[in-house]
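Residue numbers (my numbering), protein chains in the order written: chain A, 9 to 523; chain B, 10 to 393; chain C, 5 to 313; chain D, 481 to 790.
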Amino acid sequence: MSVSTVPEPKPTSPSITPMLEMKGITKRFPGVIANDRVDLSVRPGTVHTLLGENGAGKSTLMKILYGLYQPDEGEIFFEGKRIEIMSPADAINHGIGMIHQHFMLVPTLTVAENVALGLHPALSRADMGPVRRRLTEVSDQYGLKLDPDAYIWQLAVGERQRAEILKALYRDAQLLVLDEPTAVLTPPEVDDLFATLRQLTADGRGLIFISHKLHEVMELADEVTVLRDGEVSGHTTPAESSREHLAELMVGRSVSLTRDVGVSEVGPAKLQVDNLYVRGDRGTDAVKGLSLEVRAGEVVGIAGVSGNGQRELAEAIFGLRPVVSGSIAINGEEVVDHTPKSVRTNGLAYIPEERMKDGAIGDFTVAENLMLVGYKEPPFARRGFLNLEKIKERCTDLVHRYAVKTPTVETPTRNLSGGNIQKVVIAREFSSEAEAMVVAQPTRGVDIGAAEYIHEQLLRQRAAGAAILLISEDLDEIMQLSDRIIVLLEGEAMGEVMRGDATVGEIGLLMSGVR
Amino acid sequence: MTVRGVKNDAEVELEHSAASSLARLRPFVGLAVPLLAVAAALAVGAIMLLALGTSPIEGYRAMITGSLGGADKLADTAIKAMPLMLVGVGICIAFRAGVINIGGEGQIIAGAILSTSTALLVPDLPSAILIPMVLIAGAIGGGIWGAIPGGLKAYLGVNEILSTIMMNIIAAHFLSFLLQDLLIAEGDVKIQQTERLSENADLPLLPGGTRLHLGFIIALLVAVAAYILLFRSTLGVRLRAVGHNPHASRYAGMPVQRSIVEALAFSGACAGIAGAVLVFGSQSHRLIGEGGAAGFTQSAGFNGIVTALFGGLHPLATVPASFLFGAMLNGGIAMQRAVQVPSAMIIALNGVVVIFVVGSLRLRERLQRWFDDRVGIETSKERA
Amino acid sequence: GGGDSGDSGGDEAGPFRVAIVAPSADNDVAFTQSIFDSVNRVGESRDIEIASSTGLFVVEDAASALRGYAEEDYDLVIAHGSQYGAPVEEIAKEFPEVAFAWGTEVNTFGLANVSAYTVRSDEGGYAMGAMAAALSEAQNIGVVGPIEVGDAKLYVDGFKAGAEAQSPGIAVNVNYIESFSDVALAQEAATAFVANGADILTGTAQMVVGATGVAQSEGVAWFGTQSNQSSLGADIVVASQVYHWEVVLEDIIAGIDEGDLGGESHLLTLENGGLEIEFNDAYPLDGAIKQIGEDMVAGLKDGSIKTGQ
Amino acid sequence: MGDFFTVSALVVTFASGIRLATPFLLASLGETLGQRSGVLNLGVEGVMLLGAFGAYYTVLKAGSQPLALLVAIAIGIVMGLLYAVVTLVMQAEQGISGIGVFLFGLGFTDLAFQKWVGTPIPIARLEPWPIPGLSDIPVIGEVLFQHNPLVYGAFLLVPIMTYLISRTTFGLNVRAVGETPEAADTLGVSVNGTRLVTIIVANVLASLAGAVVALEVGNFQQNLTAGRGFIAIALVYFGAWRPFGAMVGSLLFGFVLALVNQWGALGIISGSASSLAAMAPAVLTIVVLVFISNRVGQPAALTRPFDRSN
Ligand SMILES: Nc1ncnc2c1ncn2[C@@H]1O[C@H](COP(=O)(O)OP(=O)(O)OP(=O)(O)O)[C@@H](O)[C@H]1O
Ligand SMILES: Nc1ncnc2c1ncn2[C@@H]1O[C@H](COP(=O)(O)OP(=O)(O)OP(=O)(O)O)[C@@H](O)[C@H]1O
Ligand SMILES: [Mg+2]
Ligand SMILES: [Mg+2]
């Protein structure tokens, strides 16, 4: 293979010569083969999508490409030359950039400072002026609007993502890896991102894009490689394939992508919010005079672009954030001593959106996490002492019922994949027999197999008479599962629609403030 | 688990049997690595001894016979181990709840002050009542001294590393004050010590003709109690949960702030009991403030932290760890006597041992994880 | 060897074996050094073998060392620290054939094998206080103390009484810095005294090296105690009260030679020569002032002057 | 009993406060940098003692104060390398290995002193260098400008350290590495390399802090620094991980010590009350912390070893 000295064909006709080739990559972790003789090639000016269930080995492959892991076997060719990538610095020097699954940003530094990291020799003055100027140029060029002097901690998730992309583009990455960039984005943000990505390919850059969302893959990809259990299980293009086919390649069985929600019997109101005002972190009103009601056997969906008061609403309901005015009633009784404990006692369960931070304790065993709420109740504890037998019995049962993939209930939870950690949280909350529950982003970052399962469980709860407040930025999820949908904009309800009364487009309009 | 056989069956078989025989070595690694670290540290000590012009062999022989050679020596070692054990067990509770308690010294002193005051106030109560009373007073004194930085951290956001160090200084000066004034013994020469305390409060010697006293049983009981507290009680679940992840604990309905106070209070209470044991189990049977750097606490407030970490923050494993350090400290005095090296040598050696042992813990962890992964292969193969 | 009590040291050919257990280092120019210097002085006139365990401020550790030496049949085991009383009592009972000496105290617990020894450090303090008052032009003296107890308190109180007896109305300020070891704080205490007009300083315990440094660089006179402190500042040390424990030790050892292991309480005084004011020859002290000191010493010796303690 | 509220007494107190603050300041500035990069060193006290002894011994034998400072710096570098091996390579628990360093320093300096020196022999103390012009200003000149050069040096380090942390690329790396080492790593910043440098600087400054104590006192004794290293660590938290904050804390602590000392000298406090007064700096530190909310500032990766494969 020869090094191409002629300019890449531009703009849209993808070159035949791959810019990247990974050949026979094998990576073993103790007890796991994360990548098994994986081949992957990316042509400039194209989007190559990597698909696979949680734990299939996608991130591992990309970390090898970025020099974070060293492969046990296999070779990497970049622009025709065989290269060794010993560290991220090597990858950067070759023109490879990566947007990591978990943001790699320093929250206490500004956007410009994050971008400048590692660029200049250590013993120089950190002059942000030139960085700021170039950054503005790059962000103008790709429509990635961002204040270079804003601190990362001040930014919303979507903005952080832009900072990540800017970091790579500032270094003029020719090959950009995006590991699940859309998992945390709202639909409008995804649209913006895709526009940027198209512009990047138009410039002749190559992209590797990882996502669990099949419609995104169908929309964006030029090529698709599917991983299963560390091995390539298929290679195709969207034109030659379908969502159903991709799902089957991933999971190894057929997956139903549409759900029959059925009807359930609606009972008395279980969760009532009346004229609620709540302040956000920055002291301004995040929820303004919101009223809503969730009845037994009903799923009420809260749709909206992130940052419009969803998180504050959930936290206020659950006693994690002070209520400025208004009232919250559970089971018809107004909550007075408003703490997570009293709210739980009153019969409310909660699945928080950040499962690793708020939902589970990584260093605890699966069993301990399953018992995190009910550990004090008999028969699991008596007079303050635990009954380990009973706990183990109960947890083994839950692990089976909720299909949590774990070697034992004594396994540390951090060793599970994200999807399975989510299942642990769901198993705990759903099995608590609460009559009302707040469920936030239940399938974020979860593969389609697991998502299917979680949706089934949610509907089962509904059928059993639970009142469910579902908060999600995934409009498909909201539309599929909710009996009623409330659209939240700047802390106010923009309107309420019944299932089937509105299309995605109409709700999207509501979300952007058009009534 | 994402494990598949890419190897042929014979290879798998081979690896399987190799793995299971390797896995049997796992418990050994847990012990061997820190012991090797101690050996390495003693080797450094040997160089220091040579530099001082003394024979390391003779020195270490004195150290070993002086700490382990015979019932009396073993008993002395156990006596040295007691405060380490008590403080260390408390440290397990605090660290597991995510609170860094550097305040053992102050908590020992607070426990000693309160228990001594109790014995001075009601000296005539019978032993069966007075002894439990002074122990409880010690626990309360230490508990309060721990709860204060706990409250400051939980409710006012004051960093506990800082406040516990400050609480040590305050306690030391307060003790010095009491021993110049309110609690000082009558006498021509004003010595910073109390009267000989009531004999009814003496911790009785255990049968066997050694100086080993009831404090040892108490230390063991506290270790067992702490184990039950941490791993068998609902309170323990809460404390550990808060230690690992306060956010998730709050979401689960646990009172995070109260847990922090409780953890430091329990931790302080253990150190406070050590304070009482140091006073009522001492040969002087009185509270003495030597005005020295460590005073009667024997620096157990610091050494107890090391002991607890040596024991992997497990209350029961802290018991043998305390023994090891007790043997070293006790043997050090014998070594000093036998080969006439300054006591400073023992302190320096103690430091080297700490550095080596702590340095080896990560290695132990990695080796153990490596063994666990071998076992992991095994289990998943068995499941398949 | 203490096999039969009669001949535990004297008649045997080997050296007389002494063990010393003490709280700080043997070179602290203060309390611990005083006993080592004294034993060495005893060693000038007879064959002595010394073993020691120093730095044992933890009483339980000292107990361990004391017992070890007793087991090894030392002829005399010296517990040089008033806080060591309880272990001495207990261990002396266990080893009735070993002679123990304990200081600074007067109590022998009624045991026949324990000698107690202590020192009237107020006497030398009184004499030096008088000289200091006579020497001070500013009539302002600073005293750096550790903690207001024990030997230190005795010395400081004697010094103060002597100075006030010599020149009533003189300012003698005492600052107990609450530490035996914080040299830097002792230094600042001395600096504060000098800045406030003191032209004479004294102090006691091992942290005084901080104060003598200030005296040296400020050219302020210093009175030392416990050991001869002339080495800390040839230009400024006027005199030191020195403890000659050998006065006591020789008595005790003579007793042991005759099979008498103790039971008595001994006292160092100016009168019995155990306390001595050693003048620093390098310091140009006015003869009249020196005479005041010598008069005081004479008065204290014959009992015509009392320190008030 | 003297009067405290005279100009001369106040001048003495403030000048003494600044002197007493100097070792705290040097050590806490170093520790501030170290902690900003995510490394906690509880061994400051031990390194201070080693630096103190090294400086003392050098002056004793070679009679040169500049050489003594160089020796202290060398000791700091050696201890820094040792601590780097323990914490970066072996990834030992930082707090505890620090206690090991403390014990080692405490024992080793005492041992070396007894073996090589024997008795506390005085050495030349640091002479004050009055700053021409400024030192003649009444009151202020006496308080601020009549100190030894190391005092000026320590205070000069405050703006230098501030500049280093907030305005240089190295400082940027330090902040990133102390907050989110994984992110710094993915941009090619060497996490352990950066930490190695901060550990060495922290140890050098701790060693110099000890040298200051020894050279100001002009002598050595067992445990010369008497717990100042631990206070210095506390002052890092007090100062919310900022050099200026460390300076405020050091001055506060120094002034309170000086005040208590001055009151003792003037006979305003005496007897057992002085042990209560000796608590004042510690009590005050806690009280001040209650009012200063310093939740913000703690580097998120403090005490967390970095390991790419985790
Ligand atoms: N640092 C590691 N140490 C040990 N095992 C690892 C490590 N990283 C990944 N693995 C293992 O490798 C497998 C593949 O993980 P990887 O992160 O590549 O999955 P993924 O396809 O990115 O999943 P997801 O969709 O959840 O992001 C996992 O099953 C896991 O067991
Ligand atoms: N240090 C580790 N040791 C063992 N396994 C690990 C380690 N780090 C990651 N893994 C494994 O890597 C896989 C993916 O990890 P990753 O961090 O990408 O998960 P996630 O993004 O939280 O979850 P999700 O599966 O929802 O994407 C998981 O199966 C996890 O078990
Ligand atoms: Mg991944
Ligand atoms: Mg994932």
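Every residue, glycine too, gets a C-beta built ideally from N, C-alpha and C.
Looking at the DSSP output, residue 226 of chain C bridges to C:205 and C:241. Classified as exposed, residue 245 of chain A has fewer than 16 neighbouring CB atoms from the shown chains inside 10 Å of its CB. By DSSP's assignment, residue 482 of chain A forms no beta bridge with any residue. At least one heavy atom of ligand 1 lies less than 6 angstroms from the C-beta of residue 64 of chain A.
Residues of chain A with a Cβ closer than 9 angstroms to the Cβ of residue 656 of chain D are, in chain order, 114, 116, 117, 121, 122, 125 and 126.
When C-beta atoms of the region 760-771 of chain D are compared with those of the region 173-187 of chain B, three or more pairs fall below 8 angstroms, so the two segments count as touching. Note that the C-beta distance between residue 189 of chain B and residue 752 of chain D is below 7 angstroms. Restricting attention to beta strand (DSSP E) runs no shorter than 3 residues, the region 242-287 of chain A encloses them at 277-287, ordered along the chain. Scanning its chain for C-beta atoms nearer than 6 angstroms, with the 5 sequence neighbours on each side dropped, one finds around residue 214 of chain B the residues 222, in chain order.
Chain-order list of chain B residues neighbouring residue 91 of chain C: 292 and 293, by C-beta distance under 8 angstroms.
A residue is called buried once 16 or more other Cβ atoms fall within 10 Å of its Cβ, and residue 78 of chain A, having fewer, is exposed. Collapsing the DSSP output to three states places residue 772 of chain D in coil. Every alpha helix (DSSP H) of 4 residues or more that sits fully in the region 24-101 of chain A is shown, in chain order, as 66-73 and 96-101.
Against chain B, the beta carbon of residue 758 of chain D has neighbours under 7 angstroms at 182, listed in chain order. Following the DSSP letters along the chain, one finds residue 293 of chain A inside the beta strand (DSSP E) bounded by residues 293-303. For residue 160 of chain A, the nearest beta carbon of chain B is not closer than 7 angstroms to its own beta carbon. In the three-state scheme derived from DSSP, where H, G and I count as helix and E and B as strand, residue 205 of chain B is classed as coil. Counting the other CB atoms within 10 Å of its CB gives residue 119 of chain C a total of 16 or more, which places it among the buried residues.
Boundaries of the alpha helix (DSSP H) harbouring residue 587 of chain D: 574-592, taken from the DSSP string. In the DSSP assignment, residue 405 of chain A falls within the alpha helix (DSSP H) that extends over 396-409. Relative to residue 563 of chain D, the option among D:539, D:748, D:543 and D:520 whose CA is nearest is D:520. Think of a sphere of 8 angstroms around the beta carbon of residue 577 of chain D: the chain B residues whose beta carbon falls inside it are 363, 364, 367 and 368, in chain order. Taken in chain order, the complete alpha helix (DSSP H) segments of 4 residues or longer contained in the region 494-552 of chain D are 524-542. Using a 10 angstroms sphere on the CB of residue 48 of chain C, the tally of other CB atoms stays under 16, which defines it as exposed. Separation of residue 163 of chain A and residue 731 of chain D (C-alpha to C-alpha, rounded to the nearest whole angstrom) is 37 angstroms. With a threshold of 7 angstroms between beta carbons, residue 168 of chain B makes contact with chain D. The beta carbon of residue 160 of chain B is closer than 7 angstroms to those of 270 in its chain, skipping five residues each way along the sequence. No Cβ-Cβ contact shorter than 7 angstroms links residue 31 of chain A with residue 80 of chain A. Residue 714 of chain D reaches chain B at 170, 171, 174 and 175, counting residues in chain order whose Cβ is nearer than 8 angstroms. Around residue 365 of chain A, the beta-carbon contacts reaching into chain B at under 8 angstroms are 254, 256 and 257. Only residues of its own chain outside the window of five on either side were considered, and among them 699, 700 and 701 have a CB closer than 8 angstroms to the CB of residue 600 of chain D, listed in chain order. Within the region 44-101 of chain C, the complete alpha helix (DSSP H) segments at least 4 residues long are 63-75 and 89-98, listed from N- to C-terminus. Not a single CB atom of chain B sits nearer than 7 angstroms to the CB of residue 75 of chain C.
Only exposed fits residue 138 of chain B, as fewer than 16 other CB atoms lie within 10 angstroms of its CB. Proximity of chain D to residue 133 of chain A at the Cβ level (cut-off 8 angstroms) is accounted for by 647, 648 and 649, in chain order. Under the DSSP assignment, residue 233 of chain A falls in the beta strand (DSSP E) whose first and last residues are 231-236.
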